[in-house]
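Numbering (this note's numbering), first residue to last: 5 to 466. Every residue gets a Cβ at the ideal spot worked out from N, C-alpha and C, and that includes glycine. These numbers come from a predicted model, not from an experiment. Everything on this sheet refers to the single structure shown next.
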Ligand code: SF4
Ligand code: SF4
């Protein structure tokens with residue numbers, strides 16, 4: 005990738021420029037336009053405890069309870085200071101449970117006049133003098149603490165620990181995520197600066213990075229940026245940046261927060277109430293309207309996808325095509341997700357697939373003739389084949405941005421060789437999903453790695 009940078013020489017000296025050489029950019033049809041539509045308030049919003057990893061949710065409300073924007077709906081049993089608040093004011097109308105009483109959704113029906121839980125406002129001057137403890141308590145009380153997350157497990161940051169650094173990603177390289185230049189600009193720069201000052205009360209080292217491809221953003225935030233990182237997806241991931249810059253083992257527990265979430269945190273502190281606005285992207289080859297939409301945190305998927313999909317059986321992938329999950333059509337969007345991708349459900353097996361050249365199928369391994377065209381392809385939910393044994397093709401290690409050898413790591417996991425899979429770098433895995441995507445044997449590598457990380461963490465904690 006050729007990168008054109010137009011910064012003053014003095015600034016270039018301070019800012020570090022990193023090139024990530026691995027990864028892969030999917031060429032998919034259905035990208036969103038930069039058009040932005042502001043939606044009216046939906047009838048309901050929800051929180052999705054099931055989608056917050058590494059917590060044990062305990063309900064603080066029941067069906068029928070009135071709630072304000074910012075009222076606590078549930079808390080983490082393992083640390084009750086970490087609460088999750090309502091993104092809407094109204095009444096709890098449903099609590100949806102899954103198997104084994106997993107709490108899937110807490111649904112709030114919005115009042116026409118919503119009321120807010122009010123918190124003390126923190127001026128920029130007061131922020132300069134606030135103690136770390138006071139700031140942590142405010143962030144916990146306001147329900148914005150969960151936006152701060154901790155590597156390598158990507159769980160909510162531990163309020164009792166001072167992290168070696170906090171990384172702020174002003175970026176979005178995953179296919180079909182909001183363009184950061186649509187919410188990070190001259191208008192929001194003071195809020196970002198305020199938010200960065202708040203983070204500096206939590207850690208001595210705050211790193212701000214983006215992809216140099218976002219030239220307007222680089223110009224606007226040139227004084228704040230400490231790193232640019234160029235390259236294919238997932239170059240924007242905090243774990244990839246950490247992989248390139250870490251010097252000491254304790255830095256593996258660096259915290260991170262995304263640009264849009266830093267705005268939430270800054271608005272909460274400076275305005276004294278929980279912000280409810282969120283920018284999303286609706287995209288995918290089966291989405292009739294592909295664009296940016298401004299709506300509410302926890303909005304219903306049907307509210308975000310304005311028009312009926314273009315295929316009879318659509319699948320709603322929430323959170324991105326490589327890292328996301330299948331959302332229920334009548335469900336809501338989670339705290340961390342910023343995209344809904346609508347894909348055609350592949351319900352039928354193709355007849356004599358083996359003898360079809362596959363001009364229309366996305367491929368990295370040149371399995372299909374589409375690799376000759378190089379044009380964006382339609383992605384559907386077909387995995388184009390069945391699972392088989394590893395054929396040692398090495399595609400997974402070719403794309404892995406943090407140089408794990410996924411096929412070797414998988415073998416040590418299956419053999420329960422803990423020391424070995426740790427030595428292969430399992431904990432560095434940024435859960436980007438590329439290894440599973442490119443694997444011609446359809447081995448669920450990333451799913452296995454995420455589960456193993458989870459199990460290892462559980463064992464360490466216990
Ligand atoms: S091993 Fe992890 S980081 Fe590497 S490609 Fe797979 S999911 Fe991505
Ligand atoms: S891509 Fe799949 S088949 Fe190829 S080496 Fe990796 S795990 Fe094995």
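Evaluate residue i with the Cβ neighbour count: other Cβ atoms within 10 Å of its Cβ, from every protein chain shown; 16 or more gives buried, anything less gives exposed.
| i | result |
| --- | --- |
| residue 67 | exposed |
| residue 267 | buried |
| residue 191 | exposed |
| residue 29 | exposed |
| residue 455 | exposed |
| residue 264 | buried |
| residue 6 | Unreliable placement is indicated for residue 6, whose pLDDT of 35 sits below 50; no coordinate value is reported for it. |
| residue 135 | exposed |
| residue 169 | buried |
| residue 465 | exposed |
| residue 358 | At residue 358 the pLDDT is 48, less than 50, meaning the model places this residue with poor confidence and gives no usable figure here. |
At the level of alpha carbons, what is the spacing between residue i and residue j?
| i | j | result |
| --- | --- | --- |
| residue 430 | residue 249 | 18 Å |
| residue 269 | residue 199 | 7 Å |
| residue 305 | residue 121 | 26 Å |
| residue 165 | residue 259 | 10 Å |
| residue 308 | residue 99 | 21 Å |
| residue 256 | residue 162 | 14 Å |
| residue 344 | residue 329 | 10 Å |
| residue 201 | residue 188 | 17 Å |
| residue 62 | residue 55 | 14 Å |
| residue 426 | residue 88 | 33 Å |
| residue 74 | residue 144 | 11 Å |
| residue 382 | residue 42 | 28 Å |
| residue 242 | residue 220 | 21 Å |
| residue 90 | residue 107 | 15 Å |
| residue 81 | residue 379 | 49 Å |
| residue 129 | residue 194 | 14 Å |
| residue 112 | residue 51 | 9 Å |
| residue 283 | residue 390 | 37 Å |
| residue 78 | residue 64 | 5 Å |
According to DSSP, simplified to helix, strand and coil, what is residue i?
| i | result |
| --- | --- |
| residue 358 | Below a pLDDT of 50, predicted positions are generally treated as unreliable, and residue 358, at 48, falls in that range; no measurement from the model is reported. |
| residue 33 | coil |
| residue 171 | strand |
| residue 121 | coil |
| residue 218 | coil |
| residue 196 | helix |
| residue 180 | coil |
| residue 264 | helix |
| residue 42 | strand |
| residue 289 | coil |
| residue 190 | coil |
| residue 417 | helix |
| residue 457 | helix |
| residue 24 | strand |
| residue 223 | helix |
| residue 299 | strand |
| residue 164 | coil |
| residue 98 | strand |
| residue 321 | strand |
| residue 428 | coil |
| residue 148 | coil |
| residue 72 | coil |
| residue 307 | helix |
Taking 8 Å as the threshold (C-beta atoms), are residue j and residue i in contact?
| i | j | result |
| --- | --- | --- |
| residue 213 | residue 230 | yes |
| residue 300 | residue 49 | yes |
| residue 211 | residue 139 | no |
| residue 436 | residue 453 | no |
| residue 292 | residue 312 | yes |
| residue 27 | residue 403 | yes |
| residue 322 | residue 302 | no |
| residue 410 | residue 401 | yes |
| residue 178 | residue 326 | yes |
Legend entry - Any residue whose CB is nearer than 7 Å to a heavy atom belonging to ligand 2, listed in chain order: 394, 395, 396, 397, 398, 399, 400, 401, 410, 411, 414, 439, 442, 443, 444, 445, 447, 449
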